[in-house]
Amino acid sequence: MAKYLVIVESPAKVKTIKKFLGANYEVMASQGHIRDLPKSQMGIDIDNDFEPKYITIRGKGDILAALRKEVKKADKVYLATDPDREGEAISWHLAKALKLEDKDIYRITFNEITKNAVKASIKNARKIDMNLVDAQQSRRVLDRMVGYQISPLLWAKIKRGLSAGRVQSVALRIICDREDEINSFIPQEYWTMEAVLDVKGEKKPLTAKFYGDADGKIDIKDEAQIQEITQAVEKEKFYVESIRKGEKTKKCPLPFTTSTLQQEAAKTLNFSTQKTMRLAQQLYEGVDIAGRGTIGVISYLRTDSTRVADEAVAMAAEYIEASYGKDYVGNTGAGKKDDKKIQDAHEAIRPTDIALSPVVIKESLSRDQFRLYQLIWKRFTASQMSPAVYETISVKIAAGKYRFTVAASKVNFEGFLSVYKDNEEKEVSNALVKGIDEQSELTLNELNPQQHFTQPPAHYTEASLVKTLEELGIGRPSTYAPTITTIIARHYVAKENKNLYVTELGEAVNNIMKKAFPSIVDVNFTANMESLLDGVEEGSVKWKEVIRNFYPDLNEAVKAAEKELESVKIEDEVTDVVCEKCGRNMVVKYGPHGKFLGCPGFPECRNTKPYLEKIGVACPKCGKEVVMRKTKKGRRYFGCEDNPECDFMTWQKPSDKKCPKCGGYMLEKGNKLVCGDENCGYVENRENDENK
2 MAKYLVIVES PAKVKTIKKF LGANYEVMAS QGHIRDLPKS QMGIDIDNDF EPKYITIRGK
62 GDILAALRKE VKKADKVYLA TDPDREGEAI SWHLAKALKL EDKDIYRITF NEITKNAVKA
122 SIKNARKIDM NLVDAQQSRR VLDRMVGYQI SPLLWAKIKR GLSAGRVQSV ALRIICDRED
182 EINSFIPQEY WTMEAVLDVK GEKKPLTAKF YGDADGKIDI KDEAQIQEIT QAVEKEKFYV
242 ESIRKGEKTK KCPLPFTTST LQQEAAKTLN FSTQKTMRLA QQLYEGVDIA GRGTIGVISY
302 LRTDSTRVAD EAVAMAAEYI EASYGKDYVG NTGAGKKDDK KIQDAHEAIR PTDIALSPVV
362 IKESLSRDQF RLYQLIWKRF TASQMSPAVY ETISVKIAAG KYRFTVAASK VNFEGFLSVY
422 KDNEEKEVSN ALVKGIDEQS ELTLNELNPQ QHFTQPPAHY TEASLVKTLE ELGIGRPSTY
482 APTITTIIAR HYVAKENKNL YVTELGEAVN NIMKKAFPSI VDVNFTANME SLLDGVEEGS
542 VKWKEVIRNF YPDLNEAVKA AEKELESVKI EDEVTDVVCE KCGRNMVVKY GPHGKFLGCP
602 GFPECRNTKP YLEKIGVACP KCGKEVVMRK TKKGRRYFGC EDNPECDFMT WQKPSDKKCP
662 KCGGYMLEKG NKLVCGDENC GYVENRENDE NK
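Residue numbers (the numbering used here): 2 to 693.
Structure representation (structure tokens):
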């Protein structure tokens, strides 16, 4: 009979770990959390120093009963939940629910599900780390307070079923702020120029870029300036002024953290953060490898750390030397520790065995598992390799007082590039540059001036939002994917072609949050809160202290917002559109994608129509009304009411004012009016009206 019981989180790990530990061990799964705060109420006893009221999660009764039965038989109980805050909290809840206080409880963690790691963890069993448990509890309690106190206000003001969250509200604000930046962006004109030069004795011409003059760089702002430079340069003789040769090295990349893995998988594989985490979880928990059985092929996937275990560094050095040669082995040490906000003793995300190259295990993985594993394997292997070395050459060409430049680079030693090239890795190769010297004779073939306009900031993608959240210190590895998933699922944000756009509903929620709860959606406040919570994890801050300081301000803000909302009568706006089914005047309602027209006779009459809000501007193409429309996913745009007969559309709100310069239509951009024709470029200040 088994003497020892090991409890893990996921059923997927049970078989693998049982195989590693043998007959004396019984392995069972808790299937995630078994206790949580109740869904029907906030579940925090405010009067009793914010004590959480935990209950058994519905549907987990049978699992608990089975676990209790096995606990009675076991001499020792090992709690082997995930090696992070969440996992520590699950172990603590298990200890409470299974009444293990009197038993010998042993908390074990492993960064990878391999035989060596699991067996080593048994030897290094420890007590439950209450700092980690309290860090998770404080986050859970704070999130519960924010969600359960603010969400009802959103239901009253906009519609039922909405939610506010401590991290999701800030993420939404960041996206909304970017949308405002884009909408108010005014393009600036600038020009570039290339000179195509014939080189005596060479078949191919040389293309040089305009740089400036002898005193330094010149930015060309308009057509008059480019014409002046063109006329001056055409009369001049071109000659090589200087040639600078050099060498540069490019360091190997760091191995993946949760954030960088999500970003790179989004950019190179087009995976959502949710999909990346799901696949990484499968690779961590274990896949059936032909001839090896079920093993975890990557280390733990929720980490801020770029540290690499000494054994993994040694294995990598051996593999790289055998596969690529001694020169390719990097002098990387065992990775690095970042003092800030790291869930250590974590490691970077890496293959558990570097010898299991993607080619070796391709047949054992699904297509998407293989693509993600290959990315992780290549990045880790590259991180342990030597830098790439480039030969560079820079040529400065003079034409009178003006200067042009040509630059080229060539890889002399590939180093880590033989395994891993990121999307930005472009070698500027120009074989002709090598044959040029100060005596080369140059003849001007043609000048190519080009007009450009500055571009607005890019819309956030999942990858760039994760990067921003990490840089601002908002959320932690385990929160990025669920945060983004939630704001998309709530229809606050729409995802189209990788880009994230705010919907009308998201705008409404963000406006209320900014007005009534400015600190909740304040980036600095949220980042400071994360630092405090990290302090709880380190044992330097008591978790109840964080809650005691936070709650009074939140409570006050909720009461103030409730009073303000009482004075606002929230009634459906009646329109002049008549319901053709029952004759009543239809009203404006809020749905998952924003406003729509619904019959006030609901539920007897269930007629609905799209709500096309007129903005009081005539269509520049056909003269009919311009209306506000929405894409299928809820992104707002402006188009002609006569669509599809008239195809006028714009993402920016049109103005009823005509451009005084070209007579075209104008667009509202922040506090400016801008001509809809970019080539016209006319801009003026908007009058101080209610829309400003």
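Note that CB positions come from ideal geometry on N, CA and C, so glycine has one too.
What you are looking at is a predicted structure, and each value in this text was computed from that prediction instead of being measured.
- DSSP, reduced to helix, strand and coil, places residue 368 within a helical segment of the structure shown.
- Secondary structure in the region 459-540: the beta strand (DSSP E) runs of 3 residues or longer, each lying completely within the stretch, are 494-497 and 500-503 in chain order.
- For residue 592, the uninterrupted beta strand (DSSP E) run begins and ends at 586-592, by DSSP.
- In the same chain as residue 320, and ignoring 5 residues on each side of it, the C-beta atoms closer than 7 Å to its own belong to 355 and 356, in chain order.
- Annotation: residue 277 to residue 373 spans about 8 Å, alpha carbon to alpha carbon.
- Nearest in C-alpha terms to residue 519, of all of 82, 494, 557 and 493, is 557.
- Bridge pairing for residue 244: 396 [DSSP].
- With a contact defined as Cβ atoms closer than 8 Å, residue 248 and residue 415 miss out at about 14 Å.
- In this structure, the beta-carbon distance from residue 197 to residue 208 falls below 8 Å.
- In this structure, the beta-carbon distance from residue 167 to residue 147 falls below 8 Å.
- When the beta-carbon positions are compared, residue 484 and residue 169 come within less than 8 Å of each other.
- Rounded to the nearest angstrom, the Cβ distance from residue 126 to residue 114 is 17 Å, too far for a contact under 8 Å.
- Runs of the alpha helix (DSSP H) lying entirely within the region 244-293, each at least 4 residues long, are 259-270 and 274-286 in chain order.
- Contact check for residue 488 against residue 173 passes: the beta carbons are separated by less than 8 Å.
- According to the DSSP assignment, residue 194 belongs to the beta strand (DSSP E) that extends over 190-200.
- In the displayed model, residue 355 falls within coil according to three-state DSSP, outside both helix and strand.
- For residue 94, the three-state secondary structure derived from DSSP is helix.
- Annotated as distal: residue 237 and residue 476, with beta-carbon spacing of 8 Å or more.
- According to the DSSP assignment, residue 403 belongs to the beta strand (DSSP E) that extends over 403-414.
- In the structure shown, the three-state DSSP call for residue 552 is helix.
- Under the 10 Å beta carbon count, residue 60 is surrounded by fewer than 16 other beta carbons and is classified as exposed.
- Here DSSP, grouped into helix, strand and coil, assigns residue 153 to helix.
- With respect to residue 95, residue 510 sits apart: the two C-beta atoms are not nearer than 8 Å.
- Residue 350 and residue 527 have their C-alpha atoms roughly 27 Å apart.
- For residue 15, the CB contacts under 8 Å within the same chain, skipping 5 residues up- and downstream, are 9, 28, 29 and 30 in chain order.
- Residue burial is scored here from C-beta neighbours: residue 47 has fewer than 16 other C-beta atoms within 10 angstroms and is therefore classed as exposed.
- Straight across, the Cα-Cα distance linking residue 423 with residue 500 is about 21 Å.
- Annotation: the continuous alpha helix (DSSP H) that includes residue 184 extends over 169-184.
- Within the model, the alpha-carbon separation for residue 637 versus residue 306 is close to 40 Å.
- In summary, residue 131 is exposed, with fewer than 16 beta-carbon neighbours lying within 10 Å of its beta-carbon over all protein chains present.
- Scanning its chain for C-beta atoms nearer than 8 Å, with the 5 sequence neighbours on each side dropped, one finds around residue 45 the residues 38, 51, 52, 53, 54, 142, 145 and 146, in chain order.
- Inter-segment contact for the region 464-473 and the region 253-266 is present: three or more beta-carbon pairs are separated by less than 8 Å.
- In the DSSP assignment, the residues bridged to residue 389 are 251.
- In this structure, residue 456 lies away from residue 193, with their beta-carbon atoms at least 8 Å apart.
- Excluding its 5 nearest sequence neighbours in each direction, residue 577 has C-beta neighbours in its own chain below 8 Å: 586, listed in chain order.
- Scanning its chain for C-beta atoms nearer than 8 Å, with the 5 sequence neighbours on each side dropped, one finds around residue 43 the residues 145, 146, 149 and 150, in chain order.
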